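For the working numbering, add 17 to where a residue sits in the sequence shown, where the first one is 1.
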Amino acid sequence: MDLRLTDKKVLITGSTSGIGFEIAKRFLEEGASVTINGRSDDNLQNALDRLKESFPDSSVNGIVADFRNPKAHESVIKLLPEVDILINNVGIYASKTFDETSDQDWEEMFQVNVMAAIRLSRHYLPQMKKTGWGRILFVSSECAQLVPEDLIAYSTTKAALLALSRGLAQTTKGTEVTVNAIIPGSTLTEGAKIFLQQQAEKENKSPGKISEEFFQEARPSSLLQRFAEPKEVADMALFLSSPLSAATNGAAIKVDGGSIPGIF
Ligand SMILES: NC(=O)c1ccc[n+]([C@@H]2O[C@H](COP(=O)([O-])OP(=O)(O)OC[C@H]3O[C@@H](n4cnc5c(N)ncnc54)[C@H](OP(=O)(O)O)[C@@H]3O)[C@@H](O)[C@H]2O)c1
Numbered sequence: 018m019d020l021r022l023t024d025k026k027v028l029i030t031g032s033t034s035g036i037g038f039e040i041a042k043r044f045l046e047e048g049a050s051v052t053i054n055g056r057s058d059d060n061l062q063n064a065l066d067r068l069k070e071s072f073p074d075s076s077v078n079g080i081v082a083d084f085r086n087p088k089a090h091e092s093v094i095k096l097l098p099e100v101d102i103l104i105n106n107v108g109i110y111a112s113k114t115f116d117e118t119s120d121q122d123w124e125e126m127f128q129v130n131v132m133a134a135i136r137l138s139r140h141y142l143p144q145m146k147k148t149g150w151g152r153i154l155f156v157s158s159e160c161a162q163l164v165p166e167d168l169i170a171y172s173t174t175k176a177a178l179l180a181l182s183r184g185l186a187q188t189t190k191g192t193e194v195t196v197n198a199i200i201p202g203s204t205l206t207e208g209a210k211i212f213l214q215q216q217a218e219k220e221n222k223s224p225g226k227i228s229e230e231f232f233q234e235a236r237p238s239s240l241l242q243r244f245a246e247p248k249e250v251a252d253m254a255l256f257l258s259s260p261l262s263a264a265t266n267g268a269a270i271k272v273d274g275g276s277i278p279g280i281f
């Protein structure tokens with residue numbers, strides 16, 4: 018399927034690894050021009066080297082910006098004033114009880130998971146409306162609806178993104194711009210692999226066994242009963258970013274392996 022993404026200018030936040038990196042790869046496969054982002058020069062350069070090796074003729078560059086800093090978006094916008102597609106992917110989490118979660122934890126999670134997306138959308142959405150076409154995609158999480166007890170702060174930020182996404186979509190009436198959210202479930206990123214390996218060593222079990230137990234105990238509602246591959250999430254992001262998805266606006270699309278019960 019031709020997703021008609023050739024030469025589209027894309028910014029993906031938090032994309033030196035994990036789901037964001039996979040989304041970057043998929044956009045490059047489709048001939049888009051991609052800007053990736055991370056917190057450090059080293060990681061960014063490493064990710065750029067890997068992408069350039071796989072896609073030698075592609076247009077890919079990177080911007081260092083740490084979204085814990087409330088001014089980080091300014092340097093991004095300065096270096097990249099216009100995009101066709103904004104993927105608000107960056108997201109951090111910390112497994113803590115509600116009592117253990119300090120104001121600083123809450124504030125940091127809101128800065129990175131919500132405020133970065135707000136600030137970038139505030140700049141790029143009017144620009145997209147002016148140029149006549151655009152896509153904004155928020156990366157939420159199944160936690161927005163499942164709300165694990167040790168991830169209340171994270172889940173709250175991910176629920177906030179759903180309201181933000183829907184609200185912004187409502188401002189696009191009659192334009193060629195769409196704003197949507199995806200709701201990934203547990204996904205086998207490098208971080209998840211490290212977690213499985215560490216737990217496996219701690220409990221003297223195989224990573225496969227730990228994964229199996231995770232789905233039995235922590236995600237019994239998952240219909241997939243395995244971690245999604247990052248590419249399986251990226252493919253949905255690509256479709257929703259493409260001109261082919263013009264009739265989908267203001268939607269929150271689950272890529273959760275069926276973990277969120279219910280028909281919507
Ligand atoms: N993985 C899952 O199971 C899962 C499930 C549902 C939803 N999600 C959501 O999907 C998105 C991507 O998740 P992921 O698991 O792929 O994440 P990840 O592997 O933890 O991604 C890390 C990426 O985020 C960047 N990053 C971290 N903190 C940053 C900051 N303060 N400023 C800028 N960049 C920062 C990292 O860059 P550097 O390290 O290079 O600085 C790296 O590129 C997140 O929004 C997450 O909430 C993930």
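Note that the Cβ used here is the ideal one computed from N, Cα and C, for glycine as well. This one's a predicted model, so the numbers in the text were calculated from it and none came from an experiment.
Unbroken beta strand (DSSP E) run spanning residue i, endpoints
i	result
THR52	50-55
LEU103	102-105
SER76	76-81
ILE270	269-272
Nearest candidate by alpha-carbon position, reference residue i, set the options
i	options	result
PHE232	LEU257, LEU205, ASN266, ALA254	LEU205
PHE54	GLU159, LEU97, SER75	In the sequence on display, residue 54 carries Asn and not Phe. Of the listed residues, the one whose Cα sits closest to ASN54 is LEU97.
GLY274	GLN215, PHE244, ALA264, LEU181	PHE244
GLN144	GLU218, ASP101, ALA177	ASP101
PHE256	PHE44, SER182, SER92, LEU28	PHE44
SER276	ASP122, ASN197, PRO237, THR33	PRO237
LEU355	LEU142, SER57, GLU218	What the structure shows of the chain is the stretch from 18 to 281, and residue 355 is not part of that stretch, so it cannot be assessed.
GLY267	GLY31, ILE199, HIS140	ILE199
Segment limits, alpha helix (DSSP H) that includes residue i
i	result
ARG183	169-187
LEU154	Note, LEU154: premise wrong, no alpha helix (DSSP H); beta strand (DSSP E) at 151-156.
LYS26	Segment 26-29 is the beta strand (DSSP E) holding LYS26; no alpha helix (DSSP H) there.
ASN63	58-71
ALA264	Careful: ALA264 lies outside any alpha helix (DSSP H) and carries neither H nor E.
PRO165	Segment: none, PRO165 is in no alpha helix (DSSP H) and carries neither H nor E.
GLY275	GLY275 -> no alpha helix (DSSP H), and no H or E assigned at all.
Counted within 10 angstroms of its Cβ, other Cβ atoms place residue i as buried (16 or more) or exposed
i	result
LYS147	exposed
ILE104	buried
ASN106	buried
PHE38	buried
MET253	buried
PHE115	exposed
ASN221	exposed
Anticipated Cβ contact below 8 Å, residue i with residue j, distance rounded
i	j	result
LEU168	SER228	Rounded, the Cβ-Cβ distance is 18 Å, inconsistent with contact.
**Request:** Mind listing, in chain order, the continuous alpha helix (DSSP H) runs of no fewer than 4 residues lying wholly within the segment 181-262?
**Result:** If we require 4 residues or more, the alpha helix (DSSP H) runs fully inside the segment 181-262 come out as 207-220, 224-234, 247-258.
**Whole runs of the beta strand (DSSP E) within the segment 83-146, excluding any shorter than 3 residues** = Runs of the beta strand (DSSP E) inside the segment 83-146: 102-105.
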